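Protein chains in written order, with our numbering: chain A, 3 to 293; chain B, 8 to 454. Yeah, the Cβ is synthetic: ideal placement off N, Cα and C, and Gly gets one too. Just so we're clear, the structure is a prediction, and the values are computed from it rather than from any experiment. Take a look at the structure set out below.
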Amino acid sequence: MSNENMKDPALNANQSASPLDDFEPAETVASSSASNDNMLDFDDDPLSATGVSRKSLVIFFLIDTSGSMKGKKMGELNTVMEELIPEIRRVGEADTEVKVAVLTFSTEVRWMYSTPIPIEDFEWARLRASGVTSMGAAFKELNQRMSRNGFLNSPSLSFAPVIFLMTDGYPSDDYKEGLKELQSNSWYKFGLKAALGIGQEANDNILAEFTGSKDIVVHAYSGGQLAQMIKIIAVTSSQIGSKSMTLSDDTGREIGEEDVFAAKQKLLGQQIQDLVTSQTDGNDVPFDTGW
Amino acid sequence: MVELEIGQEVEMEFGGKAKVLSVIGSGGQGTVYLVRFNGQKWALKWYDIDKMNKPKAFRKNLQTNITDGPPSNKFLWPKYLTKETEDGTFGYIMELKPDGFDSFVDILNTYKLEIDPLTGHAVKRPVKFTSLSAMVTCVINIVNAFRQLHRAGKSYQDLNDGGFFINVNTGAVLVCDCDNIAPDGSNFGIGGKPGYMAPEVVRGIAQPNVQTDKYSLAVVLFKLLFRGDPMEGEKVVRDVCLTESSELKHYGQNAVFVYDPNDSSNRPVRGIHDNVIKFWRIYPDYIKDAFIRSFTTGISEPTKRIIENEWQKLFIRLRSEIIQCGCGRTNFSSMFVQPNEKTFKCPKCGMEFVTMGFSNRKTRMPLYLGCKFYTCEINPESDDFMTVAGELVENKLKPGVLGIKNCSDRKWKAKMPDGVFYDIAPGKGFPVWQGLEIDFGEIKAQI
């Protein structure tokens, strides 16, 4: 898995080919000198504590804002995203600080905010649709920012990010080239990837190329479904992403690395499939009709 | 998964219906709803049986727990089961969290989020123990609850920061999420929460049981006192990204305590683990030693883990060593200067505190206005660490004269300056003086 040579994203400082290439050691500062051990040389109040150090999880939303998203799709998406933020506020609990970054792509790619925002402070800025679908450029941009020197710069531990792609059409640029760059990124490799195709035009095969598996690609054909699917994917992936691995069922044998490899991604696939199949919402008017 | 709708009615096992009023929260196994049943409000936990390994056995175990009842009133215990729906889904109702209790998670975060109903904005409200004594009392309560549970032959299995509600003013504790509690030796599919699970459970070579509960309990206590993760130090932070395999390594195969005296590879990192670094300097050695044992030999040898009764004794001692100085500084006596073995001195203002020695322990209790001792400290048969037996107070009729008030229901004897022991009835008191001796019955004390 470490054989691919990494392309050269401008913001990635570390370019070794190890699977954890970007996961360079955090800067550690030597612990304080023990010489001055006076009882009063530090804040010695046993009740004054800061919050426990939390792991950081960034949820990346990659959202297609091309012209074809105009109207009901964009209205529905904006509404559900506004409603979603409070719902995922508590998923991190005491262990994880959840942050959100939104990358939109149409003719241009653009971040909603210049840095990931803690979920508690995040406010959704309503999106507008116009232009073409530069998905490849979005992949390249994501690859550049998804690094220790970019958006994943928490001094403490991080969980691998959640990356959630939503699109309604075929890319208008060379998505394969962008995806190839992205696939060499360690954060992408270990991240939880999920994709949502909106309407008839979205190509599930391209989305599966992005997620690495068909299990984590779902499709929404109506406004009601779009809202449901966004919620299911975002809530489930942030729940799984913000927590440590869960135990495998069969104990009695010591588990090894191979047992836990990509365990979260597999779990996400299962849970999303279970949730999607249990949805029975077919009464809405499809997106692609009635325009 | 069958989610319940607001307004929907759920049939209870022994008749009656619970009406769903709102969603309280959701977790790994299902969703908790606010319901009305028999004219009263309850919490209904409704399972997502797709995520359960053995729903039938799980339900049967719940039924047994309901019949057995809670080990003590410190548990928000399952009360009644619902009927099963056609596809086998079910739930149970329990009492609601009383007002005045905060979640353990909020205490660890030091704040809770309250949502402004008009704007939907989240506002942070501080959550913090109001006194050191309340915090240590809370620790004793947690330990005691698990002692009671284990004495009932059961294990909690899924001990983690989501399992408690705490009153930050009194230290009162309510153990919630009691639905995975099972007879020691049985397991109905729960593994536990990573970071709290014993290494042998993480590695897949053991199922949750009373011994793994003890490990998880030590993690809970460490988090509450030291406000950090006992296994997260430099070694772990170097991985930058906590992938599944790095978790298996750092919490299972190669877990190293941040203050392992024989392995300094995983020390806390300044800037990230400042709480742990600070509190490790504050707590007395006997507390630190207990954690060292839990997280070094206790990692590989489950039988060497600290038992609840031992924790309880250590923390009762810790509570008796709190000094509240007149200058406002409150700390453990180990953080005070000791000019001689019977006196403590505040390093900030210089105030001195006399101490009282008890016949059943080596350590001396510092005396200050408002300090208390509890029934279990003067009665060897008692396990009651909540009832105040004695308190240092100021005489209401003679301002400035300090004495000990008998708050217990037993008669004590106290030696006065004339050398004679006088009876001290409940509610009465006596002045503190240089040669004071107290006879509580089996246990004696002297200045």
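Minimum Cβ-Cβ distance from residue i to chain B less than 8 angstroms
i        : result
Ser34/A  : Caution applies to Ser34/A, whose pLDDT of 38 falls short of 50 and renders its modelled position unreliable; the model cannot decide the point.
Ile257/A : yes
Phe263/A : yes
Thr30/A  : Note that Thr30/A scores a pLDDT of 45, beneath 50, so its modelled location is shaky; the value from the coordinates is reported in the next line. Yes - at least one Cβ of chain B is within 8 angstroms of the one on Thr30/A.
Phe153/A : no
Ser1/A   : As displayed, chain A neither begins before 3 nor continues past 293, which places residue 1/A out of reach and without an answer.
Lys266/A : yes
Arg130/A : no
Ala210/A : no
Asn38/A  : Because the pLDDT of Asn38/A is 36, which lies under 50, any placement of that residue in the model is unreliable, and the number read from its coordinates should be weighed accordingly. Not closer than 8 angstroms to any Cβ of chain B, the Cβ of Asn38/A fails to qualify, so no.
Leu194/A : no
Glu95/A  : yes
Pro120/A : no
Asp283/A : Note that Asp283/A scores a pLDDT of 47, beneath 50, so its modelled location is shaky and nothing firm can be said.
Ser240/A : no
Arg147/A : no
Thr279/A : no
Leu49/A  : yes
CB contact flag (residue i, residue j, <8 angstroms)
i        : j        : result
Leu255/B : Ile294/B : no
Ile165/A : Thr106/A : no
Thr463/B : Glu401/B : Nothing can be reported for residue 463/B: it is not among the residues displayed for chain B, which extend from 8 to 454.
Ser131/A : Ser68/A  : First, the amino acid is wrong: residue 131/A is Ala here, not Ser. Contact: yes.
Lys180/B : Lys81/B  : A quick correction: the sequence has Val, not Lys, at residue 180/B. Contact flag set, yes.
Glu241/B : Ala265/A : no
Leu249/B : Phe263/A : no
Ile87/A  : Phe62/A  : no
Leu194/A : Gly243/A : yes
Arg56/A  : Thr98/A  : yes
Met101/B : Ala50/B  : yes
Lys101/A : Ile121/A : yes
Gln319/B : Ile147/B : yes
Leu88/B  : Glu20/B  : yes
Tyr40/B  : Leu69/B  : no
Val54/A  : Asn282/B : yes
Phe264/B : Thr303/B : yes
Within-8 angstroms CB hit, residue i to chain A
i        : result
Thr126/B : no
Phe136/B : yes
Arg158/B : no
Cys248/B : yes
Glu463/B : Past the boundaries of the shown model lies residue 463/B; chain B is included only from 8 to 454, so the question cannot be answered.
Val243/B : yes
Ala64/B  : no
Val439/B : no
Asp123/B : no
Met342/B : yes
Lys379/B : no
Val30/B  : no
Glu308/B : no
Ser140/B : no
Within chain E, partners of residue i - CB distance below 8 angstroms
i        : result
Lys101/A : Absent from the structure: chain E. Protein chains present are A and B.
When the options are compared against residue i, the one with the closest alpha-carbon
i        : options                                   : result
Leu376/B : Asp390/B, Lys418/B and Leu399/B           : Leu399/B
Thr109/A : Ser239/A, Ala51/A, Ser174/A and Leu181/A  : Ser174/A
Leu1/A   : Gly226/A, Gln146/A and Leu159/A           : Any answer about residue 1/A is impossible in this case: the structure gives chain A only from 3 up to 293.
Gly46/B  : Arg245/B, Tyr203/B, Thr394/B and Leu28/B  : Leu28/B
Lys468/B : Thr92/B, Thr362/B, Glu449/B and Asn367/B  : A query on residue 468/B cannot be resolved here, the shown segment of chain B reaching from 8 to 454 and no further.
Ser186/A : Gln275/A, Ala196/A, Ala236/A and Ser149/A : Ser149/A
Leu228/A : Ile208/A, Gly201/A, Gln241/A and Asn205/A : Gly201/A
Leu270/A : Gly214/A, Lys178/A, Met114/A and Ile208/A : Gly214/A
Arg461/B : Leu120/B, Ile114/B and Ile188/B           : Any answer about residue 461/B is impossible in this case: the structure gives chain B only from 8 up to 454.
Met238/B : Cys185/B, Ile385/B, Asn273/B and Thr350/B : Asn273/B
Handout entry: Interface positions of the stretch 51-66 of chain A facing chain B (Cβ-Cβ less than 7 angstroms), listed along the chain
Key = Listed by position, the residues of the stretch 51-66 of chain A near chain B (Cβ gap below 7 angstroms) are Ala51, Thr52, Gly53, Val54, Ser55 and Lys57.
Practice task
Pair every Cβ in the stretch 105-114 of chain B with every Cβ in the stretch 202-215 of chain B, then say whether three or more of these pairs are closer than 8 angstroms.
Solution key: Counting Cβ pairs under 8 angstroms, fewer than three are found: no touch.
Exercise for the section: Take every Cβ of the stretch 428-446 of chain B, pair it with every Cβ of the stretch 408-416 of chain B, and state whether three or more of those distances are shorter than 8 angstroms. Expected result: Yes, since at least three Cβ pairs between the stretch 428-446 of chain B and the stretch 408-416 of chain B fall closer than 8 angstroms, the two stretches touch.
Practice task
Determine contact between the stretch 254-267 of chain A and the stretch 242-259 of chain B, defined as no fewer than three beta-carbon pairs at a distance below 8 angstroms.
Solution key: With the cut-off at 8 angstroms, the stretch 254-267 of chain A and the stretch 242-259 of chain B touch.
Exercise for the section: Return the residues of the stretch 176-190 of chain A that lie within a Cβ-Cβ distance of less than 8 angstroms from chain B, sorted by chain order. Expected result: Answer in chain order: Ser188 and Trp189.
Problem - Members of the stretch 211-240 of chain B that neighbour chain A once the beta carbon cut-off is set at 8 angstroms - result: Within the stretch 211-240 of chain B, the residues whose Cβ lies closer than 8 angstroms to some Cβ of chain A are Gly211, Ile212, Ala213, Gln214, Lys230, Arg234, Gly235, Asp236 and Glu239, listed in chain order.
Practice task
Report yes or no: do the stretch 215-228 of chain B and the stretch 144-162 of chain B share at least 3 C-beta pairs separated by less than 8 angstroms?
Solution key: Contact between the stretch 215-228 of chain B and the stretch 144-162 of chain B is present: three or more C-beta pairs spanning the two stretches fall below 8 angstroms.
Exercise for the section: Tell me, please, whether the stretch 47-63 of chain A touches the stretch 276-291 of chain B by the rule of three or more beta-carbon pairs shorter than 8 angstroms. Expected result: With a cut-off of 8 angstroms, the stretch 276-291 of chain B and the stretch 47-63 of chain A count as touching, because enough Cβ pairs lie within range.
Problem - Inter-stretch contact (C-beta, 8 angstroms, three-pair minimum) for the stretch 127-134 of chain B and the stretch 47-65 of chain B - result: Taking 8 angstroms as the limit for Cβ pairs, the verdict is that the stretch 47-65 of chain B does not touch the stretch 127-134 of chain B.
Problem - Residues of the stretch 46-57 of chain B with Cβ closer than 7 angstroms to any Cβ of chain A, in chain order - result: Taking 7 angstroms as the cut-off between beta carbons, the residues of the stretch 46-57 of chain B near chain A are Asp57, in sequence order.
Exercise for the section: Taking a Cβ distance cut-off of 9 angstroms, strictly less, list which residues of the stretch 274-303 of chain B are near chain A, in chain order. Expected result: Against chain A - using a Cβ distance shorter than 9 angstroms - the residues of the stretch 274-303 of chain B are Arg274, Pro275, Val276, Arg277, Gly278, Ile279, His280, Asp281, Asn282, Val283, Ile284, Lys285, Phe286, Arg288, Ile289 and Tyr290.
Problem - Cβ contact (3+ pairs, closer than 8 angstroms) linking the stretch 260-280 of chain B and the stretch 309-318 of chain B - result: The stretch 260-280 of chain B vs the stretch 309-318 of chain B: no contact.
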